[in-house]
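Trainee: The sequence shown begins at 53 in my numbering and counts up by one.
Ideal Cβ positions, reconstructed from N, Cα and C, are used throughout, including at glycine.
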Amino acid sequence: MNFDFNADSASWEARDLKSVLHGFTHLGTLHEKGPSVMARGEGIYVIDSHGKRYLEANSGLWNMVLGFDHPSLIEAACDQYRKFPTYHAFFGRISEPAIALSEKLIEIAPVPMSKAFFTNSGSEANDTAVKMLWMIHRGLGNPQRRKIISRVNAYHGVTGITASMTGKDYVGAFGLPLDDFLFTDCPHHWRFANDDESELEFSGRCVENLDALIEAERPDTIAGFIAEPVMGAGGVIPPPKGYFEAIQNVLRKHDIPLIVDEVICGFGRTGRVWGCQTYNIEPDILIASKCITAGYFPMGAIMISESIADKLNQASEAYEEFPHGFTTAGHPVGCSIALKAIEIILEQGVLDNVVDVAPHFLHRLEEFASHLHIGEARGVGLMGALELVKDKQLKSPFPPEQPVAEQIANVASDNGLICRPVGQSIVVAPPFVITRDQIDELFNKLQFTIDQVFDSVED
Ligand SMILES: Cc1ncc(COP(=O)(O)O)c(C=O)c1O
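This is the structure we're talking about:
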């Protein structure tokens with residue numbers, strides 16, 4: 053940042069530093085480099101309070117996929133605010149848009165689904181899914197079925213339950229995971245496969261390990277398995293060949309329900325409406341959030357199969373209800389926005405655009421694979437990552453005192469490009485409305501930035 057925010061205590065930056073606690077932000081360096089305060093958006097660009105323009109190559113947090121000034125989404129919100137600005141979904145009461153959105157989600161689900169339930173976020177949705185399974189197992193006489201299996205490097209949210217399913221070291225900051233949360237392999241072939249192990253063989257090994265874990269813990273103690281189709285916040289890790297087919301065979305063998313966390317993949321990120329369709333996954337419980345409102349309203353949704361819905365009904369009998377819900381979930385304004393966002397993505401050509409431009413996006417991404425310090429360029433649809441390495445042959449990461457990924461993201465921001473460091477990789481996941489020319493602009497800026505950073509690193 054060129055602006056000296058300390059010189060002006062009335063600046064947004066100085067005011068931010070005095071009053072705001074930022075999540076997922078390096079608090080030490082924030083005081084040196086200052087926050088980025090965004091004031092408005094134009095298409096896929098955001099403009100900060102000093103008028104500097106950035107190409108938002110992360111769609112905000114993967115979700116702002118229709119750009120930052122979509123007139124129809126704004127109109128849908130305003131219309132609903134005029135008609136009926138707020139209501140809830142407890143005690144059998146509900147607003148019309150929440151019913152219409154439930155119907156729409158069931159219509160477009162990747163496998164037959166029976167019911168939808170709303171939350172305010174992806175974390176709340178995943179948290180709800182686990183509580184549903186716990187209630188079902190208890191209610192049907194299997195209270196010992198409490199263990200949830202997740203994967204190393206997974207990201208499923210920040211509540212007590214969902215942070216316990218997040219396979220990242222930082223959950224230790226909270227003394228998590230809770231008991232009963234288990235982790236199986238991260239299916240990252242480039243990083244974890246043995247020499248000469250094919251993708252299929254590697255998938256086989258991951259799934260054998262899962263089977264062994266289930267046997268060791270005893271299948272009748274496992275409540276469910278949760279997975280993202282593509283690990284997003286783990287650094288964009290598409291599954292290796294054959295992975296989900298084999299995983300589902302093991303889960304079926306042990307009668308373990310599958311929660312698929314489509315918070316990032318849902319509504320087009322992988323080039324199909326659902327990651328489940330891209331990877332032949334048949335969930336019992338499907339979690340959606342993020343793109344459901346294109347980021348114009350907080351929302352999460354859970355879709356459950358008929359069998360899960362029936363069991364939940366039975367399990368609810370003892371309590372005469374499903375004792376769970378969020379005050380603002382199923383909000384009519386959010387539901388109206390979601391209906392419009394889904395219409396725009398599916399019926400007004402946005403998903404077609406993803407399919408059209410994704411090959412160019414992936415081609416430009418793969419060009420980086422020849423770089424001396426890029427070990428892997430990986431992606432699918434409109435999500436990609438460049439994995440940085442100090443030594444390409446050894447696949448060795450940069451040491452902590454050389455935080456190259458952070459440096460690249462910082463210099464990119466100076467160059468008018470927002471991209472994200474995740475571990476040692478640089479992640480890009482642009483809005484679905486990006487054009488081919490804008491993809492070139494994104495990668496030209498990234499190339500320029502990477503050259504700049506490595507010039508200084510090598511010096
Ligand atoms: C796969 C996945 N699940 C769940 C979440 C949590 O969603 P939220 O931040 O809306 O709680 C995220 C957020 O990035 C995510 O990527």
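1) Rounded to a whole number of angstroms, what is the C-alpha to C-alpha distance between Ala-206 and Asn-246?
2) Can you check which of these residues, Ala-177, Arg-243, Gly-103, is closest to Ser-448 by C-alpha distance?
3) Answer yes or no: do Gly-323 and Val-432 have a C-beta to C-beta separation smaller than 8 Å?
4) Less than 8 Å between the C-beta atoms of Phe-233 and Ser-202, yes or no?
5) Are the beta-carbon atoms belonging to Gly-468 and Lys-183 less than 8 Å from one another?
6) Can you round the beta-carbon distance between Met-116 and Glu-108 to whole angstroms, since I take them to be within the 8 Å contact cut?
7) Confirm, please, whether the CB-CB distance from Pro-350 to Gly-386 is below 8 Å.
8) Kindly provide the ranges of any beta strand (DSSP E) runs that are 3 or more residues long and lie completely inside the segment 288-335, ordered along the chain.
9) Within 10 angstroms of its Cβ, does Phe-136 collect 16 or more other Cβ (buried), or is it exposed?
10) Quick one, are the C-beta atoms of Gly-309 and Ile-360 less than 8 Å apart?
11) CB Gly-436 to CB Leu-414, shorter than 8 Å?
12) Assign Ala-464 to one of three DSSP states: helix, strand, or coil.
13) Taking only runs of the alpha helix (DSSP H) that begin and end inside the segment 143-204, which ones reach a length of at least 4 residues, in chain order?
14) Compare the Cα-Cα distances from Ala-279 to each of His-189, Ile-316, Ile-426 and report the closest residue.
15) DSSP beta-bridge partners for Asp-97?
16) Would you decide whether Ala-59 is buried or exposed? Buried here means 16 or more other CB atoms lie within 10 Å of its CB.
17) Helix, strand or coil, according to DSSP, for Val-432 in the structure here?
18) With a threshold of 16 other CB atoms inside 10 Å of the CB of Leu-118, please say whether the residue is buried or exposed.
19) State yes or no: is the C-beta of Tyr-331 nearer than 7 Å to some heavy atom of ligand 1?
20) Return the first residue and the last residue of the alpha helix (DSSP H) that Leu-118 is part of.
21) Within 10 angstroms of its Cβ, does Glu-439 collect 16 or more other Cβ (buried), or is it exposed?
Mentor: Taking the coordinates as given:
1) Cα-Cα distance, rounded: 21 Å.
2) Among Ala-177, Arg-243, Gly-103, the Cα nearest to that of Ser-448 belongs to Arg-243.
3) Contact flag set, yes.
4) Yes. Within cutoff.
5) A distance of 8 Å or more separates the beta carbons of Gly-468 and Lys-183.
6) The C-beta separation of Met-116 from Glu-108 comes to about 7 Å, placing the pair in contact by the 8 Å criterion.
7) Contact: yes.
8) Fully enclosed beta strand (DSSP E) runs of 3 or longer: 310-313.
9) Looking at its Cβ environment, which holds fewer than 16 other Cβ atoms inside 10 Å, Phe-136 is exposed.
10) Checking the sequence shown, residue 309 turns out to be Pro, not Gly. Here Pro-309 is near Ile-360, since their CB atoms are less than 8 Å apart.
11) At a Cβ-Cβ threshold of 8 Å, Gly-436 and Leu-414 count as neighbours.
12) In the structure shown, Ala-464 falls within a helical segment according to DSSP collapsed to helix, strand and coil.
13) Entirely contained in the segment 143-204, the alpha helix (DSSP H) runs reaching 4 residues are, in chain order, 148-160, 174-191.
14) Selected option, being the one with the closest Cα: Ile-316.
15) According to the sequence provided, residue 97 is Tyr. The question's Asp does not apply to it. For Tyr-97, which the question treats as bridged, DSSP gives the partners Glu-94, Leu-107.
16) Classification of Ala-59: exposed, given that the 10 Å Cβ count is below 16.
17) Val-432: strand per DSSP, three-state reduction.
18) Buried, because 16 or more other Cβ atoms sit within 10 Å of the Cβ of Leu-118.
19) Not under cutoff, so the answer is no.
20) Leu-118 -> no alpha helix (DSSP H), and no H or E assigned at all.
21) Result: buried.
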